[in-house]
Amino acid sequence: MKKFQIASIPADGIGPEVISAGIEVLDAVCARSGGAELNFTHFDWGSDYYKAHGEMMPQDGLDTLKDFDAIYFGAVGAEDVPDHITLWGLRLPICQGFDQYANVRPTKIIPGIDSPLRNAGVGDLDWVIVRENSEGEYSGHGGRAHKGMPEEVGTEVAIFTRVGVTRIMRYAFQLAQSRPRKLLTVVTKSNAQRHGMVMWDEIAEEVSAEFPDVTWDKMLVDAMTVRMTLQPETLDTIVATNLHADILSDLAGALAGSLGVASTANIDPERRFPSMFEPIHGSAFDITGKGIANPVATFWTGAQMLEHLDLAEEAQILTSAVEQVCADGIMTPDVGGNATTAEVTAAVINAIRGANR
Ligand code: NAD
Ligand code: MN
169 MKKFQIASIP ADGIGPEVIS AGIEVLDAVC ARSGGAELNF THFDWGSDYY
219 KAHGEMMPQD GLDTLKDFDA IYFGAVGAED VPDHITLWGL RLPICQGFDQ
269 YANVRPTKII PGIDSPLRNA GVGDLDWVIV RENSEGEYSG HGGRAHKGMP
319 EEVGTEVAIF TRVGVTRIMR YAFQLAQSRP RKLLTVVTKS NAQRHGMVMW
369 DEIAEEVSAE FPDVTWDKML VDAMTVRMTL QPETLDTIVA TNLHADILSD
419 LAGALAGSLG VASTANIDPE RRFPSMFEPI HGSAFDITGK GIANPVATFW
469 TGAQMLEHLD LAEEAQILTS AVEQVCADGI MTPDVGGNAT TAEVTAAVIN
519 AIRGANR
C-alpha cells in the first residue's frame with residue numbers, strides 16, 4: 169500500500185464545498201483500488217484567516233507545506249479583501265516558492281457537455297496546454313517613471329532565460345511523448361517579437377532532437393486562436409509562454425464547455441517540492457453556500473494529482489467515473505443540469521464503486 173500526505177487548502181467561497189467533495193471522491197477511489205492511501209491535513213488559510221491574523225497564511229507556511237506529497241487547493245477571493253492580497257498572499261507564493269514552473273491544463277469535451285463549437289463533439293477536442301509558470305511576461309520586471317506627468321513611462325519587461333525555456337520545452341515534449349498521438353504544437357509570436365520568441369523557436373528545435381518520435385509544429389499565437397476554433401482536432405499537446413498560454417487556456421476552457429469543469433496542475437517536475445492541484449475557477453461568491461458548485465473541475469485536478477503520484481490506475485477510475493456521470497446527465501446548473509454538488513458527488517462515488525478494474 170502506497171501512502172501519501174496531502175495538504176488541503178480549501179480557502180474561500182466555494183473552495184471548501186468543492187474540495188470536501190473532491191476528498192470524498194478521492195477516498196472512494198483509493199478504497200476501490202486498494203493500492204493507495206491519501207491522508208489529508210487541512211489548513212484554514214485564506215481570507216477569513218487574513219481577517220483574523222492580517223495575513224493569508226502564517227509566515228512559515230511554505231515550511232509547513234514543503235514535506236507534503238501534494239497540495240489540493242480550492243480557490244481564493246473574498247468580496248471584502250482586495251484580489252491582489254488574496255492572490256499574492258497565498259496562491260502565488262506557493263507556486264513561486266516551490267518553483268512549480270509547469271502549469272498543466274488539460275481540456276477536453278466531456279460526454280454530456282456541449283461545446284459551443286457547432287461541429288465539435290467528444291474526441292474532437294482533447295488537448296493539454298503547458299503554460300510556462302515562472303518567468304516570461306509575468307516576471308514582474310518593469311517600472312513606472314514620471315508618474316502622473318504627461319511624459320510618464322511604464323515598462324513591462326518579459327524575461328526569457330535559456331534555463332527556463334529549455335526546461336518547459338523538455339517537459340512539454342515529454343508530455344506529448346506520453347500521449348497516444350505524440351503531437352506537440354509550440355506557440356510563439358516570433359515574427360513580431362524577434363528576440364526572446366526567436367530563442368523559444370531555436371530551443372524548441374534543439375530539444376526536439378531528443379524526442380525523434382514526437383511530431384511537432386510551430387504556430388503564431390494569433391493564428392493559433394483560429395486553429396483552436398476551426399480545426400480543434402489537429403491539436404494535442406500545446407506549449408506556450410506564461411501570457412500566451414494564460415489566454416489560450418481560457419479559450420480552451422470556453423470551447424470545451426464550462427469553467428466549472430476546467431482543472432489545472434502547478435507542477436515542480438523535478439519533485440523537489442510538492443506540486444499544487446486546483447480547479448481553474450475562483451471562489452464564485454455568487455453561488456457560495458447554495459450547494460450547486462460544479463465539483464467536476466476539482467475531481468479532474470484530483471485525477472491529475474493521482475497521476476503525479478504515479479497512481480495511474482486510480483486516476484483512470486476517477487476520470488471514467490466522472491465521464492459516466494456527465495454522460496448520464498447528472499450535472500450542476502452551470503453545464504445545463506439540475507443536480508446539486510452533493511448529488512453529482514454521490515453519483516461519481518457510486519460509479520467508482522461499480523468500476524471495473
Ligand atoms: P469565478 O471563477 O469565481 O466565477 C466566475 C463565474 O463562474 C461565476 O458566475 C461563478 O458562479 C461561475 N463558476 C465558477 N466556478 C464554478 C463552479 N465550480 N460551478 C459553477 N459555477 C462556477 O471568477 P470571478 O467571479 O471573476 O472571481 C471571484 C473571485 O475569485 C475573485 O476574488 C477572484 O479574484 C477570485 N479568483 C480566484 C482564482 C483562484 O483562486 N485560482 C481564480 C479566478 C478568480
Ligand atoms: Mn488567466
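Start counting at 1 in the sequence shown, then tack on 168, and there's your number in the working numbering.
Glycine included, every Cβ here is placed at the ideal spot set by N, Cα and C.
Counting other Cβ atoms within 10 Å of its Cβ, Asp414 reaches 16 or more and is therefore classed as buried. Beyond the five residues adjoining it in sequence on each side, Asp454 comes within less than 7 Å, by CB distance, of no other residue in the same chain.
Unbroken alpha helix (DSSP H) runs of no fewer than 4 residues, entirely contained in the region 342-430, are found at 364-376, 389-398, 410-424, following chain order. Near the ligand MN, meaning a beta-carbon closer than 6 Å to one of its heavy atoms, we find Asp414, Asp418.
Per DSSP, the unbroken alpha helix (DSSP H) holding Glu511 starts and ends at 509-521. Between the C-alpha atoms of His210 and Met225 there is a straight-line separation of about 13 Å.
In the three-state reduction of the DSSP assignment, Ala452 falls in the coil class. In this structure Ser176 is buried. Its beta-carbon is surrounded by 16 or more other beta-carbon atoms within 10 angstroms. With fewer than 16 other CB atoms across the displayed protein chains lying within 10 angstroms of its CB, Lys458 is exposed.
Taking C-alpha positions only, Ile187 is separated from Ile460 by approximately 13 Å.
Distance from the CA atom of Pro250 to the CA atom of Tyr306, rounded to whole angstroms, is 20 Å.
A straight-line Cα-Cα distance of about 29 Å links Arg362 and Lys350. A residue is called buried once 16 or more other Cβ atoms fall within 10 Å of its Cβ, and Met169, having fewer, is exposed. By alpha-carbon distance to Phe266, the top candidate from Ala519, Trp468, Ala433 is Ala433. When DSSP states are grouped into helix, strand and coil, Thr275 belongs to the strand group.
Rounded to the nearest whole angstrom, the C-alpha separation of Val490 and Phe328 is 38 Å.
The C-beta separation of Pro463 from Ala189 comes to about 4 Å, placing the pair in contact by the 8 Å criterion. In this structure, the straight-line span from the alpha carbon of Ile277 to that of Lys315 is close to 47 Å. Sequence-distant partners of Val493 (beyond 5 residues in either direction) whose C-beta falls short of 7 Å from its own C-beta, in its chain, are Val512, Ala515, Val516, Ala519.
In the same chain as Gly322, and ignoring 5 residues on each side of it, the C-beta atoms closer than 6 Å to its own belong to Arg312, in chain order. Around the Cβ of Met317, a 10 Å sphere holds fewer than 16 other Cβ atoms; the residue is exposed. When secondary structure is reduced to three states using DSSP, Thr500 falls in the coil class, being assigned neither helix nor strand. Here the alpha carbons of Arg440 and Ser302 stand approximately 15 Å from one another. Taking C-beta separations shorter than 7 Å and ignoring five residues to either side along the sequence, the partners of Val375 in its chain run Thr334, Met337, Arg338, Phe341, following chain order. Distances taken from the Cβ of Val244 to the heavy atoms of the ligand NAD include one shorter than 7 Å.
At least one heavy atom of the ligand NAD falls within 7 Å of the beta-carbon of Thr254. According to DSSP, Thr209 shares a beta bridge with Ala175.
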